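Participant: Those letters in the sequence shown? Residues 36 to 185, per our numbering, in order. No residue lacks a Cβ here, since even glycine has one placed at the ideal position from N, Cα and C. Computed from a predicted model, the values in this text were never measured in an experiment. Here's a structure for you.
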Amino acid sequence: MGQFYHYKCNHCGYDQKYQIGGGFFTKEHWNETDKLRIQLKNELLNGEYGSVFQTLAQTGNLEYDCDTALYQCRTCRALTVRRGKRVEYRYSQQYGQSILESSVFDFSVEFDKHCTQCGIEQMEQVDINTVICPQCKERLLELVNYGWWD
Ligand SMILES: [Zn+2]
Ligand SMILES: [Zn+2]
């Protein structure tokens, strides 16, 4: 199952739907996601992202996310769906009777920031609520509808 976001621009009339994630029957999508997740884990364990991440990966408390997400170019505002590479460090601590789980950080280690439209390496994952209109670049897009698809 994936998610969709339907955006509109009240300024220039831009109207577009973006689908994120894989459909229920698209096994290939999930296989690819799993493959990338294992690859990312190995890269971190091998120290390709530095000794801090290597140490964190060794604790086993890292969560790996290699699914698709909405990305926008900081320079030309091109909007696209692509795969990210993110890790999240989680740990649990006991306070008396209760165990609290904290997420310490959410770090993006993108492998391809290259924008296919302007050629500059400025692609960034966006907050779905603050997307600048890729057409007029004047306003924030209005999220008119979102939900799940399969
Ligand atoms: Zn660009
Ligand atoms: Zn617009």
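Are Cys-150 and Lys-120 touching if we call contact CB-CB under 8 Å?
Facilitator: For this step, residue 150 is matched to residue 115 along the sequence shown. For this step, residue 120 is matched to residue 85 along the sequence shown. It is not a contact, given that the beta carbons lie outside the stated cut-off.
Participant: Using CA coordinates, which residue listed in Lys-70, Gln-54, Gly-95 is at the minimum distance from Thr-103?
Facilitator: As a first step, residue 103 must be located in the sequence shown, where it is residue number 68. The shortest Cα separation from Thr-103 among Lys-70, Gln-54, Gly-95 belongs to Gln-54.
Participant: Is it the case that the Cβ atoms of Gln-107 and Ile-167 are separated by a distance below 8 Å?
Facilitator: Taking the sequence shown and counting its residues from 1, the one referred to as residue 107 is at position 72. Taking the sequence shown and counting its residues from 1, the one referred to as residue 167 is at position 132. Contact flag set, yes.
Participant: Express the C-alpha separation of Gln-160 and Asp-173 in angstroms, rounding to a whole number.
Facilitator: Indexing the sequence shown from 1 puts residue 173 at position 138. Indexing the sequence shown from 1 puts residue 160 at position 125. The displayed chain sequence assigns Glu, not Asp, to residue 173. Cα-Cα distance, rounded: 19 Å.
Participant: Given this structure, state the Cα-to-Cα distance separating Gly-82 from His-46, to the nearest angstrom.
Facilitator: Residue 82 sits at position 47 when you count from the first residue of the sequence shown. Residue 46 sits at position 11 when you count from the first residue of the sequence shown. If you take the alpha carbons of Gly-82 and His-46, they lie about 47 Å apart.
Participant: Using only alpha-carbon positions, find the residue among Asn-96, Asn-180, Cys-153, Gln-132 that is nearest to Tyr-126.
Facilitator: Working through the sequence shown from its first residue, we reach residue 126 at position 91. Its Cα nearest to that of Tyr-126, the residue Asn-96 stands out among Asn-96, Asn-180, Cys-153, Gln-132.
Participant: With distance defined between alpha-carbon atoms, name the residue in Gly-37, Met-36, His-41 nearest to Leu-114.
Facilitator: Position 79 of the sequence shown, counted from the start, is the residue given in the question as residue 114. Nearest option by C-alpha distance: His-41.
Participant: Please report how far the alpha carbon of Gly-57 lies from the alpha carbon of Asp-162, in whole angstroms.
Facilitator: Counted from its first residue, the sequence shown places residue 57 at position 22. Counted from its first residue, the sequence shown places residue 162 at position 127. Approximately 20 Å between the Cα atoms of the pair.
Participant: Could you say which of Arg-118, Glu-78, Gln-51, Tyr-124 lies nearest to Thr-94 if we only look at CA atoms?
Facilitator: Taking the first residue of the sequence shown as 1, we reach residue 94 at position 59. Residue Tyr-124 is the option with its Cα nearest to Thr-94.
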